Amino acid sequence: MAAKKTADAAKDSNKKETVKSPKTSKAKIDRLPDEETAHDGNSIFIKGARMHNLKNVSVAIPRNKLVVVTGVSGSGKSSLTMDTLFAEGQRRYAESLSAYARQFLMRMDKPDVDYIHGICPAIAIEQKVTTRTPRSTVGSMTEIYDYLRLLYARVGRTFSPVSGKEVKKDSVTDVVDFVQKLPEGTKVQIMVPLITRYGRSVDEELNILMQKGFSRVYQKTKEGKPIRIEEILNGEVKVTAKNLYLLIDRIVVKTFDEDDLHRLADSIQTAFYESEGDCFIETDGDKLHNFNNRFEADGIKFEEPSPNFFSFNNPYGACPECEGFGQVLGIDADLVIPDKRLSVYEGAVVCWRGEKMSEWQQAFIRSATKYDFPIHKPVGDLTDKEYDLLWFGNDRVNGIQDFFDMVSQNLYKVQYRIMQARFRGRTTCPTCKGTRLRKEALYVKVANTNLGELMLMPSSNLNDWFQNIKLSEHEQSIAKRILFEINQRLKTLLDVGLGYLTMNRLANTLSGGESQRIQLTKFLGSNLTDSLYILDEPSIGLHPRDTARLINVLKSLRDLGNTVVVVEHDEMMMEEADHIIDMGPLASHLGGEVVATGHYKELIKNKDSLTGQYLSGNLRIEVPAIKRKPVGKITIEGCRQNNLQNIDVSFPLNVLCVVTGVSGSGKTTLVKQTLYPALMKHFGQGTDRPGIHKGIDGDLQNFAQVEMVDQNPIGKSSRSNPVTYIKAWDEIRKLFAKQQLAKMRGFVEKHFSFNTDGGRCDTCKGEGEVVVEMQFLADVHLVCESCKGKRFKDEVLEVTYRTKNVYDVLELSVDDAIAFFKDEKKIATALQPLSDVGLGYIKLGQSSDTLSGGEAQRVKLASFLGKNNNKEKILFIFDEPTTGLHFHDIKKLLQSFNALLDQGHSIIVIEHNTDVIKSADWLIDLGPEGGSGGGKLLYEGVPEGISKIKESQTGKYL
């Protein structure tokens, strides 16, 4: 029956669409394993899935294989993988929990599916940046930092900052070994200095020692001999506290038997205890050897290494000044010297300007000749030594820091308080230099390197350091397992193209794709087997060169004995997959079917598969026949932020300009961290500080504003949704307020808003669901019992337009809504841009926080496309807009770009997708590698010319 229903649904969609529903699809589904054969353990069998737009789908997913689920955006890929497969895996896990946890979880909705056989424990790795805390770093997310802490606690050696010598403490075994190695017949005395405690006299102290069982002391003189304590107390012998020792034991060195060794060790232990850490061994009455079990040297008492000692999340290990954050509120160098193109003579130091404060500048300039300081050289070109002299001065010349020390001393005057406030900002902590650890933790070294230095290394350099590490045989035996875990995780981090990240990079600064690949590193390191991994487009943000490495990582996850299901559009990924499931044929109500299953070669031959048609070349994204000519350009000079190698880059205007390069080559640093903030600053808007550069120049008058269209969520509220973002909901509310019943009941526009009180449900405040906070588990979202998830009060829902109430309209997809409101031109026109950018499948009321990064970005693009009346020219910057897009949707996206360019706007795109790169009017390629091996400008020009650049990885794949 299920197969028949699916076939009927396919016939219906045939009538509506020119892209036919698959003929092979029916045959494939007929050949799928039935309930009986699904028990063989070789596949996960989903029967009758109906979540969202899925049309009673039945499909088999082979176990222990790399399976790619593909299809156009909105075809039902996520509904099948996340909302059906993962949700059921999660629900079955919940059933194994305690009764207390289940009393909440049993209310979780079961996926709308007949049954799923052969499912195993499921782990979903999504695109979302999972952490917002400023304490979480790449090191802690990958668990590499936990192993580094353990390594330093176990084999780290502490070195004194005064003498540079290793700090050691002596154990009982060390002293026993020393005594055993002495020549046979040597007379040995074990003793400790006599300490008088609590203000007691020598006699009082000796009396107590005698009660403890000690009988002799030793006066260190030329004729030093043991003296009985009784003789001193009886007044027969006079002693002074100076050079007086308590004699613990006397022995003669020989071949010790077991009893002798026990006695020796016991005496040494007693010596350490009585003296609070000291033990003196006198040999043959003259040489005195000092041992101590206190961890100190050069008058400094050092902390013994432990894992918490190296944790910046623990008060014991965190830097006391910045409390483990690595940044403090201090004097911001970029505010003091905002324009690095100026020299000291030209007034680069802003705080030294003015009639009175310029005396500091004059004094520095007069002294500069003595130190060969170049006063006419731009500050941006100064060497590190010259820059340090400018900031910190020396014994005979005052620097910028001395100036601010003077300001601090005069804070009782209002003008000095204002001056200090002008130049304060978030700066690297001066105490820990951004390592986040207390300074004592940095005294501990492994292979002459402290933990702070390792944290600042890019992962590729860190991997090299561990490959070449030299440890003693004893250290190697202790660290063997720790090193194995670290090396395995670092290798995976490099394999997924993240070799440019440092261990102390904040987790909340990562993109969705980077965050997802870091989680992949963690799961690979855990060596789980017989699990189901579901990944949502892990190739996001990856250059084709790095995608090949990622595929190898996913294969190794599969080879551990796991089933890896990947929602993906990447052609390389499909080519390497063991099995492909193609959803479609189109989006929303025109999708939700399995169009084709099988290998890559089978998919190419399937004429009913849209994906297969693009892979075979029957359908393609054509290269534009005519390239646009630039109308002006902007040039940013001397870019040196992060790994950029002092490059000058020109961006042409009124064209599609694509910036590309391997992961970590410096694209984001150049465009998002340097160009965008510099342009915002030029227009007097931005608050973010631009990356280090000399200046920006060119035809800045050719556009009036800059818009960054990135993958950040479009709204912070869970009530935010696409239709409110593009301002179409206002028109829909007006329409409902005009209905006869609304007028009779006195309803106005606000009654049809879920953001204000009036018409919305009072229980869930227009959310449609309530959140149950679980103490140890993720929060559970439950349908509101008052409005049954409909968001509005019953009396508001009784108002209808063409038989649909306000909730029914929110449940419509964008394409359906355009057809529904065909008579309301304002509403249809407002919604059309969403369909144009390939988002015709999303619901009008879909919460913004359920949109992927790519979807959120395209909603922003739609909002700009809708503003046709905007006469001001805009420079748009897009950050990987093809995220989550099928070939068919990329074609639509490029049409949207053309629409913006035809309106006279300019577009700069950070992108790896070869279809977008070949469609560009101008290409800027950075590289050749990521991290320290990148940051160079390899090519700028038309895309066709890049193939001649041998160093370029982009050229090879294009």
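According to this note's numbering, the sequence shown is numbered sequentially starting from 192.
Positions of the beta carbon are idealized from the N, C-alpha and C atoms, including for glycine.
Owing to the predicted nature of the structure, the values given are computational and were not obtained by experimental measurement.
The segment 649 to 662 contacting the segment 1116 to 1129, beta-carbon criterion three pairs below 8 Å:
Contact between the segment 649 to 662 and the segment 1116 to 1129 is present, because at least three Cβ pairs lie under 8 Å.
Is the CB of Ala290 under 7 Å away from at least one CB in chain D?
Of the chains in the structure shown, none is chain D; there is only one protein chain.
For the alpha helix (DSSP H) containing Tyr343, list its first residue and its last residue.
Position 152 of the sequence shown holds residue 343. For Tyr343, the enclosing alpha helix (DSSP H) stretches over residues 335 to 346.
Length of the line joining the Cα atoms of Asp888 and Val853
Translated into positions along the sequence shown, residue 888 becomes position 697. Translated into positions along the sequence shown, residue 853 becomes position 662. Their backbone Cα atoms lie some 27 Å apart in a straight line.
Measure the alpha-carbon distance for Pro224 versus Ala285 and round it to whole angstroms.
Locating residue 224 in the sequence shown gives position 33, where the first residue counts as 1. Locating residue 285 in the sequence shown gives position 94, where the first residue counts as 1. Low local confidence applies: a pLDDT of 44 at Pro224 is under 50, so the model's placement there is unreliable, with the coordinate-based value given in what follows. Distance between the alpha carbons of Pro224 and Ala285: 28 Å.
In angstroms with no decimal places, state the Cα-to-Cα distance between Gly775 and Thr1105.
Taking the first residue of the sequence shown as position 1, residue 775 is located at position 584. Taking the first residue of the sequence shown as position 1, residue 1105 is located at position 914. Within the model, the alpha-carbon separation for Gly775 versus Thr1105 is close to 24 Å.
Backbone secondary structure at Gln380 - three-state DSSP
Counted from its first residue, the sequence shown places residue 380 at position 189. Gln380: strand per DSSP, three-state reduction.
Going by other Cβ atoms of all chains shown within 10 Å of its Cβ, with 16 needed for buried, is Lys206 buried or exposed?
In the sequence shown, the residue the question calls residue 206 occupies position 15. Reliability of the predicted coordinates at Lys206 is poor, the pLDDT of 39 falling under 50, and no value is obtained from them.
Thinking Ile673 and Phe657 are a contact (beta carbons under 8 Å), I'd like their distance in whole angstroms, please.
Looking up residue 673 in the sequence shown gives position 482. Looking up residue 657 in the sequence shown gives position 466. That pair is no contact at about 11 Å.
Range of the contiguous alpha helix (DSSP H) that encloses Gly643
Here the question's residue 643 lines up with position 452 in the sequence shown. Per DSSP, Gly643 belongs to the alpha helix (DSSP H) from 642 to 646.
How would you label Lys268, buried or exposed, when you count the other beta carbons within 10 angstroms and need 16 or more for buried?
The residue given as residue 268 occupies position 77 in the sequence shown. Flag for Lys268 reads buried.
In angstroms, rounded to a whole number, what distance separates the CA positions of Leu1149 and Ser1138?
Indexing the sequence shown from 1 puts residue 1149 at position 958. Indexing the sequence shown from 1 puts residue 1138 at position 947. If you take the alpha carbons of Leu1149 and Ser1138, they lie about 7 Å apart.
At a cut of 8 Å, does the segment 370 to 379 reach the segment 469 to 486 through at least three beta carbon pairs?
Taking one beta carbon from each stretch, the segment 370 to 379 and the segment 469 to 486 have 3 or more pairs nearer than 8 Å; the two touch.
Give me whichever residues DSSP pairs with Gly262 in a beta bridge.
For this step, residue 262 is matched to residue 71 along the sequence shown. Partner(s): Met774.
Option in Asn481, Thr851, Ala933 with minimal Cα separation from Leu1114:
Here residue 1114 is taken as the residue at index 923 of the sequence shown, counted from 1. With distances taken between CA atoms, Leu1114 lies nearest to Thr851 out of Asn481, Thr851, Ala933.
I need the DSSP call for Met171, collapsed to helix, strand or coil.
Residue 171 falls outside the range modelled here, since the chain spans only 192 to 1149, and no answer is possible.
Cβ-based burial, Ile381 [other Cβ within 10 Å; buried from 16]
For the purposes of this step, residue 381 is identified with residue 190 of the sequence shown, where counting begins at 1. The C-beta of Ile381 has 16 or more other C-beta atoms within 10 Å across all chains shown, which makes the residue buried.
Quick one: is Ser1143 buried, meaning 16 or more other Cβ sit within 10 Å of its Cβ, or exposed?
By one-based count along the sequence shown, residue 1143 stands at place 952. So Ser1143 ends up on the buried side.
Just to confirm, are Val756 and Val258 a CB contact at a threshold of 7 Å?
Along the sequence shown, one-based indexing puts residue 756 at 565. Along the sequence shown, one-based indexing puts residue 258 at 67. Yes, Cβ-Cβ distance for Val756 and Val258 is below 7 Å.
Unbroken alpha helix (DSSP H) run spanning Phe595, endpoints
Position 404 of the sequence shown, counted from the first residue, corresponds to residue 595. Secondary structure note for Phe595: its alpha helix (DSSP H) is the uninterrupted segment 591 to 600.
Helix, strand or coil, according to DSSP, for Val822 in the structure here?
Translated into positions along the sequence shown, residue 822 becomes position 631. The answer is coil: DSSP assigns Val822 none of H, G, I, E or B.
Would you call the segment 915 to 925 in contact with the segment 1017 to 1030, where contact means no fewer than 3 C-beta pairs closer than 8 Å?
By the C-beta criterion, the segment 915 to 925 is judged to be in contact with the segment 1017 to 1030, since at least 3 inter-stretch pairs fall below 8 Å.
Please state the DSSP three-state secondary structure of Gln410.
On the sequence shown, residue 410 is found 219 positions in, with the first residue counted as 1. Of the three classes helix, strand and coil, the one that applies to Gln410 here is strand, per DSSP.
Nearest candidate by alpha-carbon position, reference Glu1071, set Asp750, Lys818, Asp948, Gln902:
By one-based count along the sequence shown, residue 1071 stands at place 880. With distances taken between CA atoms, Glu1071 lies nearest to Gln902 out of Asp750, Lys818, Asp948, Gln902.
For the 8 Å Cβ check, are there 3 or more pairs between the segment 488 to 495 and the segment 388 to 398?
Put simply, the segment 488 to 495 does not touch the segment 388 to 398. Fewer than three CB pairs are less than 8 Å apart.
Using DSSP bridges, identify the partner residues of Arg557.
Position 366 of the sequence shown, counted from the first residue, corresponds to residue 557. Bridge pairing for Arg557: absent [DSSP].
Taking only three categories from DSSP, how would you classify Arg749?
Here residue 749 refers to the residue found at position 558 of the sequence shown. In the three-state scheme derived from DSSP, where H, G and I count as helix and E and B as strand, Arg749 is classed as helix.
Kindly indicate which three-state DSSP category Pro843 falls into: helix, strand or coil?
Sequence index remark: in the sequence shown, residue 843 carries index 652 (1-based). DSSP places Pro843 within a strand segment (E or B) once states are collapsed to three.
Rounded to whole angstroms, what is the Cα-Cα separation between Thr1145 and His972?
Translated into positions along the sequence shown, residue 1145 becomes position 954. Translated into positions along the sequence shown, residue 972 becomes position 781. For Thr1145 and His972, the distance between alpha carbons rounds to 44 Å.
Can you give me the start and stop residues for the alpha helix (DSSP H) that Asp921 sits inside?
Counted from its first residue, the sequence shown places residue 921 at position 730. Start and end: 920 to 928.
Between the C-alpha atoms of Phe350 and Glu357, what's the straight-line distance to the nearest angstrom?
What you label residue 350 is simply residue 159 of the sequence shown in a count that begins at 1. What you label residue 357 is simply residue 166 of the sequence shown in a count that begins at 1. Roughly 4 Å separates the two Cα atoms.
What do you get for Tyr724, buried or exposed, if any count of 16 or more other CB atoms within 10 angstroms of its CB means buried?
In the sequence shown, counting from the first residue as 1, residue 724 sits at position 533. By the C-beta density criterion, Tyr724 is buried, having at least 16 other C-beta atoms within 10 angstroms.
Classify Thr802 as buried or exposed, calling it buried when 16 or more other Cβ atoms lie within 10 Å of its own Cβ.
Taking the first residue of the sequence shown as position 1, residue 802 is located at position 611. It counts as buried.
Which of helix, strand or coil does DSSP assign to Leu435?
Within the sequence shown, the letter at position 244 stands for residue 435. Residue state, collapsed to three classes: strand.
Do you know offhand how far Arg283's Cα is from Ser249's?
To locate residue 283, count along the sequence shown from 1; it is residue 92. To locate residue 249, count along the sequence shown from 1; it is residue 58. Their Cα atoms are separated by approximately 20 Å.
Beta-carbon gap between Gly690 and Asp737 smaller than 7 Å:
For the purposes of this step, residue 690 is taken as residue 499 along the sequence shown, with counting starting at 1. For the purposes of this step, residue 737 is taken as residue 546 along the sequence shown, with counting starting at 1. No. Outside cutoff.
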